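Novice: In my numbering, the protein residues as written are 3 to 382.
Backbone N, C-alpha and C define an ideal beta-carbon position, used for all residues, glycine too.
Computed from a predicted model, the values in this text were never measured in an experiment.
First the structure, which I've put down as structure tokens, then a few questions once you've had a look.
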């Protein structure tokens with residue numbers, strides 16, 4: 003039976019959209035795997051290469067060497083721009099080949115010149131950050147513009163930041179807002195997060211914390227960690243009313259949401275006077291989502307809620323546990339708090355040796371560096 007090449011290509015393109023979260027689609031590993039495995043079974047070599055790198059085969063074994071060899075052959079013999087792009091990824095990360103940033107940039111460049119928007123974004127990043135090439139913000143902007151013009155929302159976000167900070171071109175807040183709005187409206191979570199920041203801080207438009215919360219919520223429900231944190235922070239400080247979707251989203255993520263009506267009528271709840279206790283419960287739930295994804299600042303906030311019984315039942319053991327998780331990631335505030343807990347026994351845990359250990363670690367790491375900064379600052 004002859005292969006339906008149109009059907010193979012459709013499966014491959016559908017898989018790529020879900021794999022990268024492009025074309026208005028949210029990243030979805032299960033759908034990406036289903037479509038790409040289907041295309042691979044029907045003979046699509048690009049799909050096969052991705053499946054080899056992801057372990058999406060019968061043996062579930064990752065084989066980067068075979069994938070890199072496949073992409074190299076298609077890139078050199080068939081001048082396939084997608085294979086050039088994927089070969090660039092292999093060289094940039096050392097997948098199946100020796101890591102070589104210059105080679106990575108070269109393959110991105112070749113694919114970009116053939117119109118591949120994923121490669122155009124990547125070569126833009128290379129010029130933006132000096133990866134495998136000399137740093138050149140102006141050239142980076144050129145590639146971001148070409149990629150964003152084809153609907154690449156990562157490129158649109160980076161282009162917006164270039165306009166915001168005047169990097170590689172003249173500073174222009176209006177154009178920054180334009181491109182970040184394009185990304186946000188296309189359901190890109192990072193674009194939605196940045197647009198939330200613009201509304202919260204009044205960049206290029208009037209400050210509007212409620213609008214900021216709405217955009218943070220859109221990004222947070224897609225798993226954007228910083229958006230989860232900022233949304234939680236707004237509710238912790240009681241700065242915004244209940245907005246449609248926030249209670250239902252928390253209910254879905256945690257399984258139960260105190261204060262949520264049995265009818266689940268979010269729009270009705272949004273019209274009611276919001277209370278500090280409900281807002282704290284919302285804050286806790288979104289901090290938890292960020293904390294469980296490994297964000298040390300959210301872990302620190304969650305630990306404080308457990309320690310002082312704010313927004314949830316007081317639990318000193320869980321407080322200490324979350325402080326430890328954050329401290330082990332280098333969170334200086336958690337280190338200080340954990341040392342104090344061990345020294346004073348404030349969470350019914352007294353351990354002079356552990357107190358000295360964390361104080362010594364803390365003293366070696368001070369002063370607080372910019373890497374310890376977070377979307378919203380907080381007190382110990």
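Classify residue 333 as helix, strand or coil using the three-state DSSP reduction.
Specialist: Here residue 333 refers to the residue found at position 331 when the chain shown is read from its first residue. DSSP places residue 333 in coil when its eight states are reduced to three.
Novice: Tell whether a beta-carbon distance below 7 angstroms holds between residue 175 and residue 134.
Specialist: Here residue 175 refers to the residue found at position 173 when the chain shown is read from its first residue. Here residue 134 refers to the residue found at position 132 when the chain shown is read from its first residue. No; because the gap between Cβ atoms is not below 7 angstroms, this pair is not in contact.
Novice: Out of 189, 226, 222, 199, state which residue places its alpha-carbon closest to the alpha-carbon of residue 213.
Specialist: In the chain shown, counting from the first residue as 1, residue 213 sits at position 211. Minimum Cα distance to residue 213 is reached at 199.
Novice: Candidates 315, 190, 162, 225: which alpha carbon is nearest residue 288's?
Specialist: Taking the chain shown and counting its residues from 1, one reaches residue 288 at position 286. For residue 288, the nearest C-alpha among the options comes from 225.
Novice: Check the Cβ-Cβ distances between residue 296 and every residue of chain C, and say whether any is below 7 angstroms.
Specialist: Looking for chain C here will not work: only one protein chain is present.
Novice: When you compare only the Cα positions, how much space is there between residue 345 and residue 124?
Specialist: The residue labelled residue 345 in the question sits at position 343 within the chain shown. The residue labelled residue 124 in the question sits at position 122 within the chain shown. Cα-Cα distance, rounded: 49 angstroms.
Novice: By alpha-carbon positions, which one of 166, 115, 196, 64 ends up nearest to residue 383?
Specialist: Residue coverage of the chain in this structure runs from 3 to 382, which leaves residue 383 outside it and unanswerable.
Novice: Find out if the Cβ-Cβ distance for the pair residue 234, residue 285 is shorter than 7 angstroms.
Specialist: Translated into the one-based positions of the chain shown, residue 234 becomes position 232. Translated into the one-based positions of the chain shown, residue 285 becomes position 283. Contact flag set, yes.
Novice: Roughly how many whole angstroms lie between the Cα atoms of residue 274 and residue 222?
Specialist: Reading the chain shown from its first residue, position 272 is the one you call residue 274. Reading the chain shown from its first residue, position 220 is the one you call residue 222. With a pLDDT of 37 at residue 274, under the threshold of 50, the modelled position of that residue is not reliable, and the figure given next carries that caveat. Approximately 23 angstroms, taken between the alpha carbons.
Novice: Assuming the contact rule is C-beta atoms closer than 8 angstroms, residue 227 and residue 295 should be a hit. Round their C-beta distance to whole Å, please.
Specialist: Taking the first residue of the chain shown as 1, we reach residue 227 at position 225. Taking the first residue of the chain shown as 1, we reach residue 295 at position 293. Right, the Cβ-Cβ distance comes to about 5 angstroms (below 8 angstroms), so this counts as a contact.
Novice: What are the start and end residues of the alpha helix (DSSP H) that includes residue 88?
Specialist: Looking up residue 88 in the chain shown gives position 86. Residues 83-95.
Novice: Tell whether a beta-carbon distance below 7 angstroms holds between residue 143 and residue 163.
Specialist: Working through the chain shown from its first residue, we reach residue 143 at position 141. Working through the chain shown from its first residue, we reach residue 163 at position 161. No, the Cβ-Cβ distance between residue 143 and residue 163 is not below 7 angstroms.
Novice: State the start and end residues of the unbroken alpha helix (DSSP H) segment that holds residue 217.
Specialist: Numbered from 1 along the chain shown, position 215 holds the residue referred to as residue 217. Unbroken alpha helix (DSSP H) run through residue 217: 211-222.
Novice: Can you tell me whether residue 94 is buried or exposed, with buried defined as 16 or more other CB within 10 angstroms of its CB?
Specialist: If you number the chain shown from 1, residue 94 lands on position 92. Residue 94 is buried by the Cβ-count criterion.
Novice: Once you ignore the five residues that flank residue 267 on each side, which residues in its own chain have a CB closer than 8 angstroms to its CB?
Specialist: Residue 267 sits at position 265 when you count from the first residue of the chain shown. Here residue 267 scores only 44 on pLDDT, less than 50, and its place in the model is too uncertain to base an answer on.
Novice: What residue from 245, 242, 240, 218 has the CA that sits closest to residue 232's CA?
Specialist: Within the chain shown, the letter at position 230 stands for residue 232. Answer by Cα proximity: 218.
Novice: Residue 246 by DSSP, collapsed to three states: which one?
Specialist: The residue labelled residue 246 in the question sits at position 244 within the chain shown. Here residue 246 sits in coil by DSSP.
Novice: Output needed for residue 193: all residues of its chain with C-beta closer than 7 angstroms, excluding positions within five of it in sequence on either side, in chain order.
Specialist: The count along the chain shown starts at 1 and reaches residue 193 at position 191. Answer for residue 193: 155, 158, 159, 182, 185, 186, listed in chain order.
Novice: In terms of residues, what are the limits of the alpha helix (DSSP H) holding residue 167?
Specialist: As a working note, residue 167 is residue 165 in the chain shown. Residue 167 -> alpha helix (DSSP H) spans 155-167.
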